[in-house]
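Please read the structure below before turning to the comments.
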Amino acid sequence: QKEVEQDPGPLSVPEGAIVSLNCTYSNSAFQYFMWYRQYSRKGPELLMYTYSSGNKEDGRFTAQVDKSSKYISLFIRDSQPSDSATYLCAMRLGTGFQKLVFGTGTRLLVSP
Amino acid sequence: GAGVSQSPSNKVTEKGKDVELRCDPISGHTALYWYRQRLGQGLEFLIYFQGNSAPDKSGLPSDRFSAERTGESVSTLTIQRTQQEDSAVYLCASSSQGYGYTFGSGTRLTVV
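Chains as they are written, first to last, in our numbering: chain A, 443 to 554; chain B, 118 to 229.
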């Protein structure tokens, strides 16, 4: 079993839809959770960063962490064709300089 | 520089040859990470450097893989006697605060 599970998709939605992307994980010691967006032939870029359980909102993006269920989500409101990319969840154990453990990524396609 | 720079962007090599991949981190970033991304898979941790500490090499898949970093500057990932399963995108990232990485665009390695 992988430490972090993520549905690879693709997930196809029409422009304006609300998108829900999810990851589950097995290691309850993970404390810091991130979402990265990766466009084709580019490196991942950090979208959202959260600590422990709860919600965090940034514009059209909301990150949600439920540590009791070992489940994290990223919601995108009013999705745009420019949101079409691969979304990777990532997490790490604690503070300081530590390696991130990534999900496989979900490919999102937003059609005009 | 403004971002993490990786070179070459693409590399095609014959099976059995050695290759060197280069990463220039963001100036002032003390931590540097190498990840591998195979087609349709998530990011696989390879190695990370933090300041003058001993590198964490726990992700290197075999002794054909090695990496060096001079101080807090350039890093080189070397793959000896390349195999076809080494074909992947090799991503470098740097960090100054330990939670959010900045990735380069990667080196796409194809072993034929």
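We put the CB at the ideal spot given by N, CA and C, even for glycine.
Would you mind sorting S211(B) into buried or exposed? The rule is 16 or more other CB atoms within 10 Å of its CB. buried
Are the beta-carbon atoms belonging to P452(A) and R534(A) less than 9 Å from one another? no
Within 10 angstroms of the Cβ of Q443(A), are there 16 or more other Cβ atoms? Answer buried if so, exposed if not. exposed
P178(B) classed as buried or exposed, judged by whether at least 16 other C-beta atoms fall within 10 angstroms: exposed
Using the C-alpha atoms, what's the distance from I460(A) back to S419(A)? No answer is possible for residue 419(A): it lies beyond the span of chain A, which begins at 443 and ends at 554.
Just the Cα atoms here: how many angstroms apart are C140(B) and W151(B)? 9 Å
Only counting the same chain, and skipping five residues up and downstream in sequence, which positions put a Cβ closer than 6 Å to that of F544(A)? L530, A532
Would you mind reading off the limits of the beta strand (DSSP E) that contains D520(A)? From DSSP, D520(A) is part of no beta strand (DSSP E); its letter is neither H nor E.
What would DSSP say about Q201(B), mapped onto helix, strand or coil? helix
Go ahead and label Q506(A) buried or exposed: buried means 16 or more other beta carbons lie within 10 angstroms of its beta carbon, across all protein chains shown. buried
List the residues that DSSP assigns as beta-bridge partners of K498(A). A505(A)
First and last residue of the beta strand (DSSP E) that includes V129(B)? 127 to 130
If we call anything under 9 Å between Cβ atoms a contact, is R155(B) one with V206(B)? yes
Closest Cα partner of V446(A) within the set E487(A), Y481(A), S468(A): S468(A)
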